Amino acid sequence: MNEITQAFVLAAGLGTRLRPLTDELPKPLIPIFQKPLVTFALDHLIGVGVNRFVINTHRRPELFQSFFAAREYAGFPTTLIHEPDLLETGGGIKNAESDLGSKPFLTYSGDILTDLNLQPLIDEHYRRGNDVTLALRHTGLAAAVALRDRRVVDISNRYGVAGNVDFANIAVWNSPIFQRIPAGKKISFIPIIGDWIGQGARIGGVVMNDGKWFNISSRPEYLEVHRTILRENWKPGFVKTRKWPERIANSAIVDPSAQLRGCTVVGRNCRVGADAILEDTILWPDAEIASQSRLEACIVRSRKKVTGIHRDIDI
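Next up, the structure:
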C-alpha cells in the first residue's frame with residue numbers, strides 16, 4: 044500500500060467568522076463534543092500511515108504549546124512552527140521546508156472535519172507520478188478547480204477554463220514545491236499552482252464526494268456539526284475514543300432539576316444550577332450556568348458565568 048508518513052497541518056488561521064469564540068481559543072482547538080477540532084485531522088492522518096506532524100500556529104500559540112506540551116500526539120512526534128506574521132497557505136508550506144525535508148507530505152486544513160477516504164488520493168499521487176494531487180469535492184461552496192481527465196488544468200480561472208469542483212482542503216505534495224515559493228512571503232498556494240500548471244506540472248485531482256465534509260468557519264456551521272453528529276449518530280472510523288461523542292463530560296456537575304434539551308453539550312468541569320434549562324446550547328470547559336437560567340442556541344465559552352435568559356448568542 045502506498046504511504047505518506049508526514050503531514051503539515053494548517054492551524055494558523057484567524058477564525059474571524061467565528062468570533063467571539065476564537066477571541067480566546069484558536070479555531071483548531073475549539074471542542075466538538077469535548078474533542079479539539081485539530082485532533083480529528085491528526086487521527087485521520089494517522090489512519091493512513093502518517094507518523095509525524097508539523098503544525099503552524101499564529102494566534103494564541105501558547106495554547107498550542109500547552110496542548111502539545113510533550114511535542115507529540117498519540118505517540119507521534121509533533122513540531123509546532125509559529126508564524127508571528129501570517130504567511131497564508133503557500134508561505135506556510137515554504138516556512139515548513141526545513142521540517143518536512145525531501146519526502147512527499149500531506150497538507151490538511153485544521154478547520155475541517157471529514158471522514159473522506161484518503162487512500163485513493165495517495166494512490167493516485169503515486170500512480171500518476173504527480174507533483175501535487177488535490178482532494179476535490181462538490182462542497183457547495185465554490186467550483187474554483189477545473190479538472191479534466193484527472194488532471195487539474197486550471198485554478199481560479201487563471202487560464203479561462205471554468206472550474207467544476209472545489210478544493211477539499213487536503214492535498215499531497217512533492218518537495219519541488221518548496222523551490223517555487225519565495226521565502227518569507229505571504230502568499231496563497233493558488234497562484235503558485237496556477238503558474239506551475241502553465242509550465243507543464245503534473246497537478247492531479249481526485250473527486251471525493253463520499254462521507255462527510257464539514258467546513259467549520261462560522262457559528263451556524265459549528266452548531267450544525269454538533270446537530271449532525273447527534274442526529275445521524277456519526278462517528279468517523281478513525282476516532283478511537285470510545286466515549287466520543289460525549290454530550291456531558293464526566294467532570295461536569297449538573298443539578299438533577301436542570302433540563303438539557305435538544306443538542307446540548309456540557310464540557311469538562313462545567314456547573315449547571317438548579318432548574319436551569321439549556322436547549323441546543325454548547326458549554327465549553329469550566330462554564331457556569333446559574334440556577335433558573337434559560338439558554339437557547341447559545342455557546343458559552345470557557346470560564347464564563349451566565350445568569351438569566353439568553354437566546355442565539357455567544358457568551
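Numbers in this note's numbering are just positions in the sequence shown, counted from 1, shifted up by 43.
C-beta: ideal position from N, C-alpha, C; glycine also.
Remember, predicted model here, so these are calculated numbers, not experimental data.
| Query | Result |
| --- | --- |
| Opposing strand residues paired with Asn258 [DSSP bridges] | Ile155 |
| Cutoff 8 Å; reference Ala340; Cβ partners in own chain excluding five residues on either side | Leu266, Glu322, Asp323, Thr324, Arg354, Asp355 |
| Three-state secondary structure assigned by DSSP to Leu273 | helix |
| Candidates Asp298, Gly254, Ser260: closest to Trp277 by CA position | Gly254 |
| Under 9 Å between C-beta atoms of Asn94 and Phe51 | no |
| For Thr65, the nearest candidate out of Leu106, His87, Phe221 (CA to CA) | Leu106 |
| Straight-line gap, Arg337 to Arg170 (C-alpha atoms, nearest Å) | 57 Å |
| The region 65-76 in contact with the region 127-134 per 3-pair CB rule at 8 Å | no |
| Ala317, buried or exposed, once every other Cβ within 10 Å from all chains shown has been counted against 16 | exposed |
| Identity of the residues DSSP links to Phe96 by a beta bridge | Ala50, Thr121 |
| Residues sharing a beta bridge with Lys348, DSSP | Glu331 |
| Distance, Gln108 Cα to Ala226 Cα | 25 Å |
| Cβ shell of Arg102 (< 7 Å), same chain only, five flanking positions each side left out | Leu57, Pro69 |
| Integer-rounded CB distance, given that Ile296 should sit under 8 Å from Arg314 | 5 Å |
| Separation of Gly203 from Ala283, as counted between CA atoms | Residue identity differs from the one stated: residue 283 is Lys in this sequence, not Ala. Between Lys283 and Gly203, the C-alpha separation is close to 45 Å. |
| Option in Ala214, Phe232, His168 with minimal Cα separation from Gln23 | Nothing about residue 23 can be read from this structure; the chain reaches only from 44 to 358. |
| Secondary structure of Leu190, DSSP reduced to three states | strand |
| Contact the region 136-153 vs the region 203-221: 3+ CB pairs below 8 Å | yes |
| Coarse secondary structure for Leu143, derived from DSSP in three states | helix |
| Residues sharing a beta bridge with Tyr116, DSSP | Phe119 |
| Reduced DSSP category for Val282 - H, G, I as helix; E, B as strand; rest coil | coil |
| Exposed unless 16 or more other CB atoms sit within 10 angstroms - verdict on Gln77 | buried |
| Contact under 9 Å by Cβ, Leu303 with Ile291 | yes |
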